[in-house]
Amino acid sequence: MAPFATIYTYPNNIRVQRAQAVAKLNGLEVLEDSDFKLATPSDPKWAAILAKFPYGKVPALSTADGSLNLTEGQAIVRFLADSGPKAEQLLGRTAVDRALIEQWACFSEQELLANLYPCMLMVIRPDMVPYTPEGYESAAAKFERAVKRVETELAKGNGKFLVGEEVTVADVMVAGALILASKWLLDAEMKKNSAPSVEGYLNGLLEIPELKEAFGEIVTVQERVRPKTE
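Residue numbers are given in UniProt numbering: position 51 of the sequence shown equals residue 51, and the series is strictly consecutive.
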């Protein structure tokens with residue numbers, strides 16, 4: 001099978017892992033090019049990448065036939081979901097399901113990752129996001145509120161999937177964010193108090209071979225990772 005597309009990225013990008021999960025579910029081979037330096041004009045690949053993707057951000061996807069150059073992780077996931085035999089399952093079989101799946105895809109970006117990243121970056125890139133106790137606690141509280149919303153939805157449904165009775169883009173998007181958070185912020189206390197079903201939900205999803213291959217093992221922390229200045 002010829003590759004369907006190439007994704008340009010930095011290594012271990014959760015947005016690419018989510019895209020790969022959807023691609024694998026759809027039987028699509030997507031190559032990864034992660035050996036260039038992000039936003040480094042001196043890199044010989046940079047001019048070629050910038051010609052395809054003028055905004056210069058990753059992840060960025062280019063189809064093998066050259067018909068599409070696409071950025072924005074959520075758009076890439078949607079395109080890959082819509083490009084294979086499981087499109088209807090992944091994106092929804094009814095208008096209601098399609099709307100709910102899109103809602104959760106947006107939620108994963110705007111509520112989960114948007115509040116996780118400040119806490120992470122205060123630890124690993126304080127030059128980008130300087131640490132302040134108020135900023136860290138505010139983002140962590142907003143993230144926990146978002147996790148509670150996921151927990152409520154799981155309790156209301158079957159506990160296995162966010163929309164319907166089969167894995168969809170909603171699960172891939174939300175699970176990716178929660179798997180990343182498990183390494184940094186989603187610790188034992190938060191799971192116990194706000195999301196007791198989340199760990200079982202993630203483990204259940206990773207029983208699906210394509211998701212296991214894309215995401216790997218879940219790495220968890222007993223206590224959230226905090227900046228060393230504390």
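Ideal Cβ placement from N, Cα and C applies to all residues, glycine included.
- Item | Contacts around Leu116, its chain only, beta-carbon distance under 8 Å, and the 5 residues preceding and following it disregarded | Position 116 of the sequence shown, counted from the start, is the residue given in the question as residue 116. Here the set comprises Ala139, Phe143, Ala177, Leu180, Ala181, Trp184 and Leu185.
- For the beta strand (DSSP E) containing Ser194, list its first residue and its last residue. In the sequence shown, residue 194 corresponds to position 194, counting from 1. Counting along the chain, Ser194 falls outside any beta strand (DSSP E), though it belongs to the alpha helix (DSSP H) covering Ala188 to Ser194.
- Item | The alpha helix (DSSP H) enclosing Glu88, as first and last residue numbers | As a working mapping, residue 88 is identified with position 88 in the sequence shown. Per DSSP, Glu88 belongs to the alpha helix (DSSP H) from Ala87 to Leu91.
- Item | DSSP-derived helix/strand/coil call for Ala105 | Within the sequence shown, numbered from 1, the residue matching residue 105 stands at position 105. In the structure shown, Ala105 sits in a helix (DSSP, three-state: H, G or I).
- Taking 8 Å as the threshold, find out whether the stretch 102–111 comes into contact with the stretch 200–209 through three or more Cβ pairs. no
- Query: Would you call Ser42 buried or exposed, if buried means 16 or more other Cβ atoms sit within 10 Å of its Cβ?
  - Reply: For the purposes of this step, residue 42 is taken as the residue at position 42 of the sequence shown. Flag for Ser42 reads exposed.
- Run through the UniProt domain "GST C-terminal" (94–230) for me and flag every whole alpha helix (DSSP H) of 4 or more residues, listed as ranges in chain order. 95–107, 114–124, 133–156, 169–181, 188–194, 198–205 and 209–215
- Excluding five sequence neighbours on each side, which residues of the same chain lie with their C-beta closer than 6 Å to the C-beta of Ala170? As a working note, residue 170 is residue 170 in the sequence shown. So the qualifying residues of the chain are Ile101, Trp104, Leu162 and Val163.
- Query: Three or more beta-carbon pairs under 8 Å between the stretch 81–93 and the stretch 19–30, yes or no?
  - Reply: yes
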